[in-house]
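What follows is one structure encoded as structure tokens, with my remarks underneath.
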Amino acid sequence: MLRRTLVAAGIVCAGLFATGAQARDAAKPARPNVIVILADDLGYADVSTYHKGRIPTPNIDRLGRDGVVFTEGYVSTPICSPSRAALMTGRHQQRYGFEYNNGPARRDADQHLGLDTREVTLGQVMKAGGYRTAAIGKWHLGWNDEHYPTNRGFETWWGFLTGQTNFIDPRAPTVVNGAPISRTRGEGTIAQPYDIVDPLNAVVKGADRTVVPHGEWYLTEELTRQAIAFIDAADDRPFFLYLAHHAPHTPFQTTLKYYDRFPHIEDKAQRVYAGMVSALDDSVGEVLDHLDRRGLGRNTIVVFLSDNGCAAYLPGLCSPEPLTGGKLTHYEGGIRVPFVMRWPAALEAGRTHRAPVSSMDVFPTVVKAAGLELPKDRVYDGRDLLAQVKAGGDAARQFVWRSTPLRTVREGDWKYHRDFDGAEHLYNLREDPKEATNLAAREPERLARLKAQYDRWEADKVPPAWEGRYTEFDFGGRHFKFRP
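Here it is, written out as structure tokens:
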């Protein structure tokens, strides 16, 4: 089995490098640089582009004004690592068994959980196509060497491999620590402490896993510095930068610099959260400003999105408004995220795209813009975003989600959803974006058709490669048990 895997991987890589050589030999205009900025648990309403008056995000707003704002941008699942797997492969994670989070860190490391090594990452395609590549920030696609970023297409790596790490030493004089969050798992309750000791959660860099000690630097700021250093380390190749921020995921930590921006927020936890989002927005602004100073802004594609909706099960910190639900749910607040893109050389500024798109679309969009080709030995679920913007969307496109036991289909304005308790829901999102009125009883034929479409989609998918962990949480007045 291992030999077949290595042979298959060798064939894929040979094809990729051939494609890269052809691209370099062709006489074409300068290929674009590419930056994908991923936020962590950032909700739809956490960005002022989508919800004014909550937390100002002028730099993310600017990114949208300079390019296109996707009002119905979806991720493939409402949970961290499977969503990242789909983004990094352009394929539903159910094609290779990455349905649940691969944590906690010890299980991840001991059981060698992570992104199937037969999957081709966006980093691998871009590197083979002649790009400098870097992954900076949160990886969460596997801890061991076979899953390590420098072995999955990224020449430069600086970040952490697991689901969370400290933003700053909690003893630093400038830190403002929010309260540790308690979560129920299985039969007991565990806290999420500030842990700067566990080497599994350490910040590391390079192929040799050099540990970067936690100092008084703030992670969001340090990731930005590392990103800018990569941009400045120029050679004759264009670059692909995957900047995967940790904010505003737990642990909730900010510094006085950001905390003091929100004196009007009385609740400390909410104020810390707002500070984390504000730091994230500053990072986007610093990257954009640096590109412009270097004369790189016009021909650099910048995509910004979140890995899932906000953690609405943590009361009072974030809001899914004007949507319902949040992380772990298939309600719109769990799977619809902030999603904007800029490419001044090819994309008209000030566009708003109101048709649904997917995080899986980033992969084929970037590959095509770079003048490369997708590997031909597999099915891709993503579609070119530039073509979709030009066409105004595809009314016939279906979107399907599975996070067992949840299942969801969206077609046009209609959404079928089977909830945690097995109850079936049908919503018209155009008329009812908050998913308040279940039309399943009124529209039995439509319900049956969407259920049948789900069954057809699932027919060629594979079961989860590992079990999820039980999580319990309260949402909408109900108590849920779930395996994320």
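Going from the sequence shown to this note's numbering is simple: count from 1 and add 89.
Built from N, CA and C at the ideal position, the CB exists for glycine as well.
For residue i, which residues of its own chain have a beta-carbon under 8 Å away from its beta-carbon, when the five flanking residues on both sides are left out?
{"i": "THR138", "result": "THR146, ILE149, ASP150, GLY153, VAL158, PRO427 and VAL429"}
{"i": "PRO522", "result": "PRO411, LEU412 and GLU421"}
{"i": "VAL451", "result": "VAL125, LEU176, GLY179, LEU211, VAL392, LEU394, GLY471 and LEU474"}
{"i": "ASP129", "result": "CYS169, LYS227, ALA333, HIS334, HIS335, ALA336, PRO337, HIS338, SER395 and ASP396"}
{"i": "LEU436", "result": "GLY156, VAL157, MET430, LEU475 and VAL478"}
Name the DSSP beta bridge partners of residue i, please?
{"i": "PHE319", "result": "The partner list for PHE319 (beta bridge, DSSP) is empty, contrary to what the question assumes."}
{"i": "ILE390", "result": "VAL123"}
{"i": "PHE328", "result": "ARG221"}
{"i": "LEU515", "result": "TYR505"}
{"i": "GLU500", "result": "GLN487 and TRP503"}
{"i": "VAL446", "result": "GLY162"}
{"i": "ASN266", "result": "GLN342"}
{"i": "LYS294", "result": "TRP247 and THR299"}
{"i": "VAL157", "result": "MET430 and ARG440"}
{"i": "SER592", "result": "Since the first residue shown for the chain is 90 and the last is 573, residue 592 is missing from the structure and cannot be characterised."}
Short of 7 Å in beta carbon distance, which residues of its chain neighbour residue i, apart from the five on each side in sequence? Order them along the chain.
{"i": "GLU532", "result": "LEU515"}
{"i": "LEU289", "result": "ALA194, ARG195, ALA198, TRP232 and THR251"}
{"i": "GLY423", "result": "PRO167, ASN397, GLY398, GLY414, GLY415, LYS416 and LEU417"}
{"i": "GLN182", "result": "SER165, THR166, PRO171, ALA174, ALA175 and GLU188"}
{"i": "ALA363", "result": "ILE144, PHE351 and ILE354"}
{"i": "PRO433", "result": "ASP155, GLY386 and ARG387"}
{"i": "LYS540", "result": "TYR505"}
Please go through the same chain and pick out, in chain order, the residues whose beta-carbon is closer than 6 Å to the beta-carbon of residue i, but skip the five residues on each side of it.
{"i": "HIS419", "result": "TRP490, LEU495, THR497 and HIS506"}
{"i": "ALA261", "result": "GLU305"}
{"i": "TYR365", "result": "Looking at the sequence provided, one finds Met at residue 365 rather than Tyr. Here the set comprises ALA336, PRO337 and THR343."}
{"i": "GLU161", "result": "PRO445"}
{"i": "ILE317", "result": "HIS379"}
Can you tell me the Cα-Cα spacing of residue i and residue j, whole angstroms?
{"i": "ASP549", "j": "HIS379", "result": "45 Å"}
{"i": "SER367", "j": "ASP563", "result": "27 Å"}
{"i": "SER447", "j": "PRO238", "result": "23 Å"}
{"i": "GLY267", "j": "GLY248", "result": "22 Å"}
{"i": "ALA484", "j": "ILE168", "result": "27 Å"}
{"i": "GLU188", "j": "SER165", "result": "10 Å"}
{"i": "ASP155", "j": "PHE488", "result": "28 Å"}
{"i": "TRP503", "j": "PRO171", "result": "25 Å"}
{"i": "ILE320", "j": "TYR307", "result": "20 Å"}
{"i": "ARG382", "j": "ASN517", "result": "46 Å"}
{"i": "VAL300", "j": "GLU520", "result": "52 Å"}
{"i": "VAL81", "j": "ARG184", "result": "The requested residue 81 is not part of the displayed model; the chain covers only 90 to 573."}
{"i": "VAL209", "j": "ASP544", "result": "27 Å"}
{"i": "ARG425", "j": "ARG143", "result": "18 Å"}
{"i": "TRP555", "j": "GLY186", "result": "8 Å"}
{"i": "ARG221", "j": "LEU345", "result": "36 Å"}
{"i": "ASP349", "j": "PRO409", "result": "24 Å"}
{"i": "PRO553", "j": "LEU536", "result": "26 Å"}
{"i": "TRP546", "j": "LEU377", "result": "39 Å"}
{"i": "GLN315", "j": "ILE225", "result": "7 Å"}
{"i": "ALA119", "j": "GLY386", "result": "13 Å"}
{"i": "ALA529", "j": "GLN542", "result": "16 Å"}
{"i": "PRO121", "j": "ASP287", "result": "39 Å"}
{"i": "LEU311", "j": "THR245", "result": "Checking the sequence, you will find Glu at residue 311 rather than Leu. So the alpha carbons of these two residues sit roughly 15 Å apart."}
{"i": "TYR133", "j": "HIS140", "result": "8 Å"}
{"i": "PHE509", "j": "GLY192", "result": "21 Å"}
{"i": "ALA323", "j": "ARG298", "result": "23 Å"}
{"i": "VAL373", "j": "GLY511", "result": "41 Å"}
{"i": "TYR402", "j": "LYS294", "result": "33 Å"}
{"i": "ASN255", "j": "HIS229", "result": "15 Å"}
{"i": "ARG467", "j": "ARG486", "result": "20 Å"}
{"i": "TYR347", "j": "GLU462", "result": "43 Å"}
Thinking C-beta only, is residue j closer than 8 Å to residue i?
{"i": "ALA400", "j": "LYS416", "result": "yes"}
{"i": "PRO327", "j": "GLN253", "result": "no"}
{"i": "VAL456", "j": "ILE390", "result": "no"}
{"i": "GLY203", "j": "ASN240", "result": "no"}
{"i": "VAL292", "j": "THR343", "result": "no"}
{"i": "PHE223", "j": "TYR331", "result": "The residue you asked about is not Phe; residue 223 is Ala in the sequence shown. Yes; because the gap between Cβ atoms is below 8 Å, this pair is in contact."}
{"i": "LEU406", "j": "GLN477", "result": "no"}
{"i": "PRO464", "j": "ARG499", "result": "no"}
{"i": "GLY501", "j": "HIS442", "result": "no"}
{"i": "ASP258", "j": "GLY219", "result": "no"}
{"i": "GLN200", "j": "GLY242", "result": "no"}
{"i": "VAL136", "j": "ALA459", "result": "no"}
{"i": "MET449", "j": "PHE329", "result": "no"}
{"i": "GLU375", "j": "THR309", "result": "no"}
{"i": "GLU235", "j": "THR263", "result": "no"}
Is residue i close to chain C? Criterion is C-beta to C-beta, closer than 8 Å.
{"i": "ARG519", "result": "Absent here is chain C; the protein component of the structure consists of one chain."}
Alpha helix (DSSP H) runs contained entirely in the region 345-427, provided each spans 4 or more residues: If we require 4 residues or more, the alpha helix (DSSP H) runs fully inside the region 345-427 come out as 345-348, 357-382 and 421-424.
### Task
Please specify which runs of the beta strand (DSSP E), each continuous and at least 3 residues long, are wholly inside the region 186-239, giving them in chain order.
Runs of the beta strand (DSSP E) inside the region 186-239: 221-227.
Practice problem: Only counting runs of 3 or more residues, tell me where the beta strand (DSSP E) segments fall wholly within the region 522-568, in order along the chain. | Solution: The beta strand (DSSP E) runs of length 3 or more contained entirely in the region 522-568 are, from start to end of the chain, 560-564.
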